[in-house]
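Chains A and B, in that order, give the protein sequences.
Numbering-wise (the numbering used here), the first sequence opens with residue 1 and increments by one.
Numbering-wise (the numbering used here), the second sequence opens with residue 235 and increments by one.
The beta carbon of each residue, even a glycine, is placed where N, CA and C say it ideally should be.
Number of protein chains: 2
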Amino acid sequence: MKILIADDDPQLLRALRITLSAKGYDVVTALDGRGAIAAAIEQRPDVLLLDLGMPGIDGIQVIHAIRGWSDAPILVVSGRTGAGDKVEALDAGADDYVTKPFLVDELLARIRALTRRIPEHGVNPVVSFGTVTVDLSARTVIDTSGSTSQQVRLTPTEWQVLELLIRNAGRLVTRQTLLTHIWGTEHARDTGYLRLYLSQLRKKLEPDPASPRYLLTESGMGYRLQLDAEERAR
Amino acid sequence: MKILIADDDPQLLRALRITLSAKGYDVVTALDGRGAIAAAIEQRPDVLLLDLGMPGIDGIQVIHAIRGWSDAPILVVSGRTGAGDKVEALDAGADDYVTKPFLVDELLARIRALTRRIPEHGVNPVVSFGTVTVDLSARTVIDTSGSTSQQVRLTPTEWQVLELLIRNAGRLVTRQTLLTHIWGTEHARDTGYLRLYLSQLRKKLEPDPASPRYLLTESGMGYRLQLDAEERAR
DNA sequence: CCTTCCCGTATGGAATCCGTAAGGATGACA
DNA sequence: TGTCATCCTTACGGATTCCATACGGGAAGG
């Protein structure tokens with residue numbers, strides 16, 4: 001989630017950058033109105049924190065300029081407490097208005113409230129290979145090999161293995177990585193668990209489990225999920 | 235544009251009704267939390283103005299109850315000025331928070347800002363699976379298994395569980411998600427509540443509770459509401 | 001051809017997780 | 001004060017999943 005903060009106070013900017021970064025936001029900053037508009041165009045933030053009263057362009061005009069092409073939520077942070085300023089900013093297209101000084105907890109809660117309504121356009125976590133489609137977020141596997149698409153059930157451990165392979169699709173995943181990720185650091189000694197779960201995964205996912213085309217073994221090293229060409233192109 | 239105002243102060247209620255009616259809003263009022271929930275269900279307002287600290291139910295719980303099935307913007311108007319109250323209300327699902335006393339012009343501007351983002355038509359809150367039809371907004375379950383359609387009664391906790399499953403229909407819902415969503419804080423330690431309520435829900439909703447077709451268990455992970463194919467197509 | 005290593009698969013028991021029933025505690029309401 | 005619905009706790013049989021072991025096959029190298 002990318003957030004643009006525009007304020008002419010470098011100190012406040014720095015404090016907000018630290019706070020919001022710690023909360024997992026991708027922070028972009030600007031020091032004046034012109035810079036805010038430019039940054040909004042270049043960076044396409046998901047949320048905007050705008051200070052009115054920045055030097056140069058009037059804050060209201062900044063809102064207008066951005067609202068012309070973006071629907072991202074705009075939260076105005078301003079020292080002006082008058083009702084007239086608030087009404088003007090909100091009617092110009094701002095979604096919320098907080099007066100300085102403000103409490104950080106409240107600001108964060110208001111940002112959460114604004115971003116809640118924005119559909120998350122994050123990376124699509126659905127991957128297909130062979131006759132099978134995997135949706136990591138919904139935790140579903142659908143097999144379209146027969147005439148009717150069928151749900152495939154995986155056990156928790158099978159999911160853990162498959163998820164790690166999908167997140168590193170195309171790349172080699174070492175046995176060590178898989179073992180430590182699933183059984184913890186102390187269980188790095190393979191006694192054959194992995195072969196077992198890979199076998200079960202192939203039985204459930206591969207068109208021909210005897211000769212795997214997607215869940216490949218790299219002898220002596222680990223495993224690799226090989227996607228089809230059109231999948232890799234994404 | 236229909237707006238629901240819930241406040242225990244009749245005088246404030248009257249003043250707001252006059253003001254908002256003059257602006258062209260269709261005004262509905264309620265004097266306590268229970269009345270607010272009932273009015274929201276019956277009248278389907280486009281916006282809600284909620285006072286915290288009404289007698290009876292806690293304001294936060296009112297927000298939760300309405301957010302279960304409605305996406306209408308909620309603006310909290312409260313005398314409590316603490317950051318904790320604001321954060322709690324906003325995270326519960328409120329979209330804005332104004333402290334009393336407030337300026338009418340600002341309130342109107344905030345209402346305009348909220349209503350500007352209302353989508354044309356919300357998500358259909360009625361879902362069918364098996365022999366039952368669930369209407370989240372009306373809080374009704376109708377069973378059409380027999381010759382005559384029958385009303386099914388669910389307890390509040392059963393509703394909360396079913397609600398979360400319906401809103402994530404087709405997707406896996408973690409035990410942890412269910413527990414934290416229903417029992418609030420870090421009450422994530424399962425001693426068996428969920429199994430109990432799922433059992434009761436199946437008894438009331440499944441055609442054959444012994445072999446569930448819709449309220450599925452994913453052993454070791456959580457639960458999933460599996461809809462029929464034609465329902466999923468929507 | 002044989003040895004060695006690594007991998008895939010089958011199988012059974014152990015541990016964990018799940019469904020359901022029964023009973024007590026709590027609170028709303030008359 | 002008593003009734004009723006709901007919530008919570010406990011307990012136990014059954015199902016699922018995990019773990020450990022064993023055995024067979026294939027590739028590499030001598």
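By the beta-carbon neighbour count (other beta carbons within 10 angstroms, threshold 16), residue 252 of chain B is exposed.
Inter-segment contact for the stretch 45-55 of chain A and the stretch 132-141 of chain A is absent: fewer than three beta-carbon pairs are separated by less than 8 Å. For residue 321 of chain B, the C-beta contacts it makes with chain A under 7 Å involve 105, 106 and 109, in order along the chain. Nearest to residue 311 of chain B by C-alpha distance, out of B:444, B:254, B:240 and B:408, is B:240.
For the 8 Å CB-CB criterion, residue 293 of chain B and residue 313 of chain B do not form a contact. Fully contained in the stretch 41-77 of chain A are the following alpha helix (DSSP H) runs of length 4 or more, in chain order: 59-67. From the listed residues B:447, B:276, B:257 and B:256, the smallest Cα separation to residue 151 of chain A is found for B:447.
In terms of Cβ geometry, residue 117 of chain A and residue 325 of chain B do not form a close pair [threshold 8 Å]. Rounded to whole angstroms, residue 62 of chain A and residue 108 of chain A show a C-alpha spacing of 22 Å.
Between residue 51 of chain A and chain B, the shortest Cβ-Cβ separation is not below 8 Å.
According to the DSSP assignment, residue 226 of chain A belongs to no beta strand (DSSP E), since it is labelled neither H nor E. Of the residues assessed, residue 104 of chain A falls on the exposed side of the cut-off, its CB having fewer than 16 other CB atoms within 10 angstroms. Note that the C-beta distance between residue 395 of chain B and residue 435 of chain B is below 8 Å.
Annotation: the stretch 111-191 of chain A contains the following complete segments of the beta strand (DSSP E) (minimum length 3 residues), in chain order: 126-129, 132-135, 140-143, 150-152 and 172-174. Against chain B, the CB of residue 139 of chain A has a partner CB under 8 Å away; the residue lies at that interface.
Following the DSSP letters along the chain, one finds residue 238 of chain B inside the beta strand (DSSP E) bounded by residues 236-240.
Across the set A:98, A:223, A:68 and A:27, the C-alpha of A:98 shows the shortest separation from the C-alpha of residue 81 of chain A. Of the residues assessed, residue 196 of chain A falls on the exposed side of the cut-off, its CB having fewer than 16 other CB atoms within 10 angstroms. In this structure, DSSP gives residue 439 of chain B a helical state, which the three-state scheme calls helix. Going by DSSP, residue 30 of chain A is part of no alpha helix (DSSP H) but of the beta strand (DSSP E) stretching over 26-30. The Cβ atoms of residue 73 of chain A and residue 12 of chain A do not sit closer than 8 Å to each other.
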